[in-house]
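Enquirer:
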Amino acid sequence: MHNLEETRFARPRQAFLVGLVLPGQPGYVVEEHLDELAQLADTAGAVVVGRGVQSRKAPDPATFIGSGKAEEIGDAARELGADLLLFDDDLSGSQVKNLEEATKLSVMDRSALILDIFDLRAQSREARTQVELARLKYMLPRLTRQWSHLSRQGGGFGQRGGEGEKQLEQDRRVLRNRIRRLEEDLAKIERTRGVQRRGRDGVPSVALTGYTNAGKSTLFNRLTSAGTLAENRLFATLDAKLRRGQVDGSRSAVFADTVGFIRKLPHHLVSSFRSTLGEITAADLVLHVVDRSHPRWQEQAEVAEAVMDDLGVDRERVIRVFNKSDLVPAGEPRNGGALWVSAATGEGIAELKAELARRLGLGSPTPSISFEAAPGLV
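Our numbering applies: residue 60 is where the sequence shown begins, and numbers increase by one.
(1) Going by C-alpha distance, which of I173, R180, D119 and S183 is nearest Q154?
(2) Alpha helix (DSSP H) containing G86: first to last residue?
(3) How close, in whole Å, do the beta carbons of L370 and F314 come, if the pair is a contact with beta carbons under 8 Å?
(4) State the CB to CB distance for the pair L158 and V166, rounded to an integer number of angstroms; the pair is presumed to be in contact (CB under 8 Å).
(5) Which residue from V80, G140 and F146 puts its Cα closest to that of L99?
(6) For the alpha helix (DSSP H) holding D134, just list the boundary residues, first then last.
(7) Can you tell me whether DSSP reads R355 as helix, strand or coil?
(8) Helix, strand or coil: which one does DSSP assign to A315?
(9) Contact defined as beta carbons within less than 8 Å: I believe K412 pairs with V306. What is the distance between those atoms, to the nearest angstrom?
(10) G140 and Q73 look like a contact to me (Cβ under 8 Å); what is the Cβ gap, rounded to whole Å?
(11) Do P263 and L419 come within 7 Å of each other at the CB atom, strictly closer than that value?
(12) Tell me whether the beta-carbon of L76 lies closer than 7 Å to the beta-carbon of A193.
(13) Once the 5 residues before and after G97 are set aside, which same chain residues still bring their CB inside 7 Å of it?
(14) Is it buried or exposed, R417, if we count other Cβ atoms within 10 angstroms and call 16 or more buried?
(15) Tell me the DSSP secondary structure of A171 in three-state form.
(16) I need the DSSP call for G83, collapsed to helix, strand or coil.
(17) Does the Cβ-Cβ distance between S183 and D298 come in under 7 Å?
(18) Who are the near neighbours of L398 in its chain, counting only those whose CB is closer than 8 Å to its CB and skipping five residues on each side?
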């Protein structure tokens, strides 16, 4: 796997973005998805020099975009000075190998890019362990390509196929053993978290979640006066941050700022971060923070809700919060079954705290916000 750190101290990787349009999919949607991929590339420290889109009935099993298109994109990318192709989808190990041979460029898929960003952001032992686990799970099915790459580097032309297969199986066994040890380490961390949560019995808990860069950390700061760094960058928060904040004059709660979600978030990344995401599943209430000013806010909300469903979050515990209301045009109707706030200006925070106090004061919280009222959400 090619890591963006390879040339960090020389010069940033020069990336060319590649997207695929399938039947029934509007081309402008793919362009918007490539805009997000460009944000990811920027977060990882790469410089985007161009992009290309291919329309196909289905992904090509060998090269994803077709051999002819691969050569065409390779020529265009090299002409622009690119040394890396970034695909907006997951690629198999053989597809990456074939694409690198056809384009004479390094190739990275979306999952590998997100893993690199998580690697850059991980600070705590827990986050680093979770990122390593996710990376190894990503590498395991792609080990065939990586072994062939290592064989070429090591002068493997004289190596017999049987020897290579034997080494490949040994490498797989090493990875599986390391994955098992990391999972055991995370299980211990999760048990410790459970003990800590039980120690907070009697104090209600509220978790903030949603699409990355929706303003969760800014809202967290507004609710807790924590002063947590709120960067305008994707995945600025990896570790769950816990702070106590006043809900009303007589009641406080423990608020948790958690990692954000994103479209096509690798499944193994979600499963690897279950100890951190446990703050969401264990919370008394969950604030689903949505950047209401974003043109694709509905899609982003659906992505976050799908992940919450996968985690087993009961929707009756979820309050949808439309954030960045100060950036929404004044004439736009403020409906959609959510509380409207601006974490930046403080607009709507009093109403949000009142709703939290009302919900947390019930023995068995019942929903006061209709999810069906939000157009385009499921």
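We put the CB at the ideal spot given by N, CA and C, even for glycine.
Expert: According to the structure data:
(1) For the residues I173, R180, D119 and S183, the minimum Cα distance to Q154 belongs to D119.
(2) Boundaries of the alpha helix (DSSP H) around G86: G86 to T102.
(3) The beta-carbon separation of L370 and F314, rounded to 18 Å, does not stay under the 8 Å limit for a contact.
(4) Indeed they touch by this definition, with Cβ atoms about 5 Å apart.
(5) Looking from the CA of L99, the closest CA among V80, G140 and F146 belongs to F146.
(6) Run containing D134: S126 to E138, per the alpha helix (DSSP H) assignment.
(7) R355 falls in the coil class under three-state DSSP.
(8) Strand, per DSSP.
(9) Confirmed, Cβ separation roughly 5 Å.
(10) Going by Cβ atoms, the distance from G140 to Q73 rounds to 5 Å, so yes, they are a contact pair.
(11) L419 is a Cβ neighbour of P263, given a cutoff of 7 Å.
(12) Not closer than 7 Å, so no.
(13) Residue 97 is actually Ala in this sequence, not Gly. Within the same chain, A97 has close Cβ partners L76 and V107.
(14) Classification for R417: exposed.
(15) A171 falls in the helix class under three-state DSSP.
(16) When DSSP states are grouped into helix, strand and coil, G83 belongs to the coil group.
(17) Contact: yes.
(18) Excluding residues within five positions, the ones whose Cβ falls inside 8 Å are I378, R379, V380, F381, G407, E410, L411, E414 and I428.
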